[in-house]
Amino acid sequence: MFNRLSFKSKVVAFSCFVWALFFLTHSMAAARPLLLACGNDTPVVITGKYTHGANGDIPPADKLVEMGRKIFFDPSLSASGVQSCASCHNPGSAYGPPNALSVQFGGPKMTELGMRAAPSLRYVHAPQAFTEHYVDLMDNNGQDSGPAGGRTWDGRVNSAKEQALMPLLDPKEMANRDLAEVAARVRKSSFAAEFDQLFSPPGTHILDNDEGIISWLTTALEFFEQSPDDFHPFTSKFDSYMRGQAQLTPQELRGLKLFNDKDKGNCAKCHPSVATSSNLIYPRFTDFEFAALGVPRNRSLPTNRDPSFFDLGLCGPLRHDLQDLTDYCGKFRAPTLRNAAARHSFFHNGVLHSLREVIEFYVTRDITPQRWYGRQNGVVDRYDDLPAAYKKNVEMGAPFKPLPGNKPRLTRQEITDLLAFLNTLADGYHPPSASANRIMTASSARHPARPR
Ligand code: HEC
Ligand code: HEC
Numbered sequence: 000m001f002n003r004l005s006f007k008s009k010v011v012a013f014s015c016f017v018w019a020l021f022f023l024t025h026s027m028a029a030a031r032p033l034l035l036a037c038g039n040d041t042p043v044v045i046t047g048k049y050t051h052g053a054n055g056d057i058p059p060a061d062k063l064v065e066m067g068r069k070i071f072f073d074p075s076l077s078a079s080g081v082q083s084c085a086s087c088h089n090p091g092s093a094y095g096p097p098n099a100l101s102v103q104f105g106g107p108k109m110t111e112l113g114m115r116a117a118p119s120l121r122y123v124h125a126p127q128a129f130t131e132h133y134v135d136l137m138d139n140n141g142q143d144s145g146p147a148g149g150r151t152w153d154g155r156v157n158s159a160k161e162q163a164l165m166p167l168l169d170p171k172e173m174a175n176r177d178l179a180e181v182a183a184r185v186r187k188s189s190f191a192a193e194f195d196q197l198f199s200p201p202g203t204h205i206l207d208n209d210e211g212i213i214s215w216l217t218t219a220l221e222f223f224e225q226s227p228d229d230f231h232p233f234t235s236k237f238d239s240y241m242r243g244q245a246q247l248t249p250q251e252l253r254g255l256k257l258f259n260d261k262d263k264g265n266c267a268k269c270h271p272s273v274a275t276s277s278n279l280i281y282p283r284f285t286d287f288e289f290a291a292l293g294v295p296r297n298r299s300l301p302t303n304r305d306p307s308f309f310d311l312g313l314c315g316p317l318r319h320d321l322q323d324l325t326d327y328c329g330k331f332r333a334p335t336l337r338n339a340a341a342r343h344s345f346f347h348n349g350v351l352h353s354l355r356e357v358i359e360f361y362v363t364r365d366i367t368p369q370r371w372y373g374r375q376n377g378v379v380d381r382y383d384d385l386p387a388a389y390k391k392n393v394e395m396g397a398p399f400k401p402l403p404g405n406k407p408r409l410t411r412q413e414i415t416d417l418l419a420f421l422n423t424l425a426d427g428y429h430p431p432s433a434s435a436n437r438i439m440t441a442s443s444a445r446h447p448a449r450p451r
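Under numbering that gives the first Met the number 0, residues 0 to 451 are what the sequence shown spells out, in order.
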């Protein structure tokens, strides 16, 4: 049967087969070139030596990770020549920003400021694809909990491959004019020869092919961003506690309880402290769901000098597909709280600068709004980073909702306890090895396996 098909049909049939295989194993975005070849009669364009896994013929993962690492740390890929991915995602700060600035400088002369805080790249290596109707399978009521997933604060991109092009082309970040300029910088980079050697089909040079360069550049970054030791090491004290290799102090345990208590911190509602997906063992402290917290306007941001400008997250301006859905305005994706203790600025606009301040914001937002918000016509303008029409989207439940008598849900001491717990979520903890063997028995370990 297959033999009776024309050559062209065979090519199309084969590419559909490859695409189907690829789709099962890889991200949709990376599969797109093959999908295009499958859906219509355009010729199949497969750049590079490898067809992404049709026969498993992709460079070994460790080679891709190491190439991705070189790319991630190489400032020569930016227009300024001094900014790499690591400038904003510093390994010493859990791949978050290395300083206390709300947002980072970038651009051709390193004089431009963006409008969002650089997130930590740890534990965001595998978000679910963006959906407007997330059903948490581990949640026993199995209800639609609204939008969730995707990458960045507004979830506007799903694959790490696509995401990587955003900073490379952003005029306020690495500021390349177009992909051709990125490709030209790869040709001139210190890793060019190795890149060519790793990805070129026999007898050709991948460096002659802009499309091939971009495809492999972003694939390598994607692999690096999955590397467990760098991006999901699970080496916090809390992980050691879950493995039964360490004890939490009484204060840390009190903090954990407050974190989970629906009437107190209620933090676990959006930053789950147990794994929320059946293919995970340890929690990521985010469910990647979106919420409007009424975070104060950051008046130090250049974009906010214009009083009519608002960063509304899900409904724009950086995201374009949900602009008409006004219920989404002001909603941002909940970040992981792992390594929050290593950060110096918090929330999508980096407006707060200590973890204690963040918790105080949660519990006093509606009790002492004058502490958090500016004034308009002499009155405190609650939720001042939202136009009046969208203030109704703001989350009102615990921990925001004051207790009877207008009391905050957490006392000063309870905030201190909660902070002690949040500090146990920082990577780099070394369990006490002497006692580890004694404690680590099958019956006392909270989870038997490594979360890989
Ligand atoms: C000038 C600072 C800066 C540079 C340089 C930079 N980033 Fe980012 N990164 C950010 C900011 C800000 C965000 C949040 C963007 C948003 O929400 O719109 C972000 C978001 C991300 C995310 C999404 C994380 C999540 O929580 O979903 C990834 C992945 C990422 N960056 C990787 C990279 C890579 C790879 C590079 C280099 C090619 C890079 N970044 C260069 C500032 C930077
Ligand atoms: C209704 C869901 C929800 C609840 C409840 C909640 N958070 Fe959040 N949290 C979010 C969202 C969404 C953001 C991002 C908001 C933004 O930037 O606009 C966030 C951001 C944060 C940040 C900033 C992290 C960073 O990288 O910038 C910290 C810290 C934090 N939350 C801690 C807590 C703690 C502690 C509690 C409990 C007292 C809590 N959250 C309760 C949804 C929630």
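Where is the CB? At the ideal position from N, CA and C, for every residue including glycine.
Contacting residues, own chain, Cβ-Cβ under 6 Å from residue i (five flanking each side not counted)
| i | result |
| --- | --- |
| Leu351 | Phe345 and Val357 |
| Ser432 | none |
| Glu251 | Ala419, Phe420 and Thr423 |
| His132 | Asp143 |
| Lys69 | Phe190 |
| Val156 | Arg150 and Gln162 |
Residue i Cβ short of 7 Å to ligand 1 heavy atom set
| i | result |
| --- | --- |
| Phe71 | yes |
| Gln225 | no |
| Ser86 | yes |
| Ala99 | no |
| Thr151 | yes |
| Pro118 | yes |
Reduced DSSP secondary structure (H/G/I, E/B, other) of residue i
| i | result |
| --- | --- |
| Ser89 | In the sequence as presented, Ser is not what sits at residue 89; that position holds Asn. Note: Asn89 maps to strand in three-state DSSP. |
| Arg320 | Looking at the sequence shown, residue 320 is not Arg but Asp. Note: Asp320 maps to coil in three-state DSSP. |
| Arg121 | coil |
| Ala147 | strand |
| Glu180 | helix |
| Leu164 | helix |
| Ala435 | Below a pLDDT of 50, predicted positions are generally treated as unreliable, and Ala435, at 48, falls in that range; the measurement from the model is reported next regardless. Ala435: helix per DSSP, three-state reduction. |
| Arg374 | strand |
| Thr363 | helix |
| Cys37 | Low confidence applies here, because Cys37 scores a pLDDT of 31, under 50, leaving its location unreliable; read the following figure in that light. Three-state DSSP puts Cys37 in a helix. |
| Gly349 | coil |
| Gly264 | coil |
| Gly254 | helix |
Cβ shell of residue i (< 7 Å), same chain only, five flanking positions each side left out
| i | result |
| --- | --- |
| Ala85 | Phe71 and Phe72 |
| Pro334 | Pro118 and Thr285 |
| Asn297 | Ser101, Asn303, Asn348, Gly349 and Val350 |
Through-space distance from residue j to residue i, alpha-carbon basis
| i | j | result |
| --- | --- | --- |
| Gly264 | Lys400 | 11 Å |
| Val123 | Ala159 | 10 Å |
| Gly373 | Asp384 | 10 Å |
| Arg381 | Trp371 | 8 Å |
| Lys406 | Val294 | 20 Å |
| Cys15 | Thr218 | Here Cys15 scores only 38 on pLDDT, less than 50, and its place in the model should not be relied on; the value that follows carries that caveat. Rounded to whole angstroms, Cys15 to Thr218 spans 21 Å at the Cα level. |
| Met439 | Cys266 | Only weak support exists for where Met439 lies, its pLDDT of 45 falling under 50; the coordinates are left without a value. |
| Ala163 | Ser79 | 17 Å |
| Leu454 | Lys62 | The requested residue 454 does not occur in the structure, where the chain is confined to residues 0 to 451. |
| Asp326 | Pro200 | 50 Å |
| Phe222 | Lys236 | 27 Å |
| Leu178 | Glu172 | 15 Å |
| Pro97 | Asn89 | 6 Å |
| Gly243 | Pro430 | 10 Å |
| Thr151 | Cys87 | 14 Å |
| Asn259 | Leu409 | 13 Å |
| Ile414 | Cys314 | 33 Å |
| Ala291 | Asp153 | 11 Å |
| Val181 | Asp207 | 13 Å |
| Asp368 | Leu247 | Note that residue 368 corresponds to Pro in the displayed sequence, not to Asp. Cα-Cα distance, rounded: 35 Å. |
| Leu255 | Leu417 | 7 Å |
| His319 | Thr130 | 15 Å |
Check: residue i C-beta below 7 Å from any heavy atom of ligand 2
| i | result |
| --- | --- |
| Glu251 | no |
| Ile205 | no |
| Val156 | no |
| Val393 | no |
| Ile358 | yes |
| His270 | yes |
| His347 | yes |
| Phe230 | no |
Residue(s) in a DSSP beta bridge with residue i
| i | result |
| --- | --- |
| Arg332 | Phe289 |
| Phe104 | Leu112 |
| Val357 | In DSSP, Val357 forms no bridge with anything. |
| Val134 | Asp143 |
| Lys406 | Leu402 |
Beta-carbon proximity list for residue i, same chain, < 8 Å, skipping 5 on both sides
| i | result |
| --- | --- |
| Ser75 | Arg184, Lys187, Ser188 and Ser189 |
| Asp310 | Met114, Arg115, Thr302, Pro316, Leu317, His347, Asn348 and Asp384 |
| Gln82 | Pro74, Gly105, Met109, Glu172 and Met173 |
CB contact check: residue i to chain B, cutoff 8 Å
| i | result |
| --- | --- |
| Gly211 | Here chain B cannot be found, since the structure has a single protein chain. |
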